[in-house]
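Trainee: For reference, the structure I am asking about is given below.
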Amino acid sequence: MKRISLVLAACALATACSPQAEEPAVAAPEAPAAADAHGGMEGGMAAPAPGDSVATQGYKASMNTMMEAMPAFTGDADIDFMKQMRGHHVAAVSMARVELAQGKDAQARNLAQEVITAQEREITLIDAWLAQKGASAAPAA
């Protein structure tokens, strides 16, 4: 049950951080937030900060890469879901690899490996589905 809660929380966070929300549930801030002294968010991106650990650098890079690579919405709910989900899955695999490289806790490392296995399988399914629909999995350049 804890794993499901973690996955749901991660999905909610990733969705909230998506740079291309069609209709925000709440009004967007007037100006992007500035990075704080601890490497907070700057314009939706995780800004590097002095003293970031190797793991923090890796997690921030994963999130920034995801945000930059997200494809534009097409207006087709199914294709948009699959493309956006693919981007989130790629980021999840990247973050899990950071955990395996830097983490020490056995439960966290086990979950990271499970995330990699599940998300890579789902990326393969998404890619096949998109190919069947004639939609490219690659983000628009």
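Count the sequence shown with mature numbering (1 follows the signal peptide of the UniProt record, and there is no 0) and you get residues -21 to -1, 1 to 120, in order.
We treat Cβ as the ideally placed atom computed from N, Cα and C, and that holds for glycine.
1. Run through DSSP, which three-state label would MET24 get?
2. How many angstroms separate the CA atom of VAL77 from the CA atom of MET61?
3. Where does GLN86 land, buried or exposed, given buried means 16+ other C-beta within 10 angstroms?
4. Spell out whether any CB of chain B is found under 9 Å from the CB atom of SER41.
5. Suppose the cutoff is 6 Å on Cβ atoms and the five residues either side in sequence are ignored; what does the same chain contact list for MET42 look like?
6. Whole angstroms are fine: how far does the CA of VAL69 sit from the CA of GLU47?
7. Can you grab the Cα-Cα spacing for the pair LEU104 / PHE52, in whole Å?
8. For ARG100 and ASP106, what's the separation of their Cα atoms in angstroms?
9. Where do the ends of the alpha helix (DSSP H) carrying GLY37 lie?
10. Mapping DSSP to helix, strand and coil, what is PHE52?
11. Among GLN36, SER32, ASP57, which residue has its Cα nearest to the Cα of LEU109?
12. By Cβ distance below 7 Å, which residues in the same chain neighbour ILE102 in space, the five residues on each side in sequence not counted?
Mentor: In brief:
1. strand
2. 24 Å
3. exposed
4. Looking at the structure shown, chain B is missing, and only one protein chain is on hand.
5. ALA25
6. 12 Å
7. 20 Å
8. 10 Å
9. 33 to 48
10. coil
11. ASP57
12. ARG65, HIS68, VAL69
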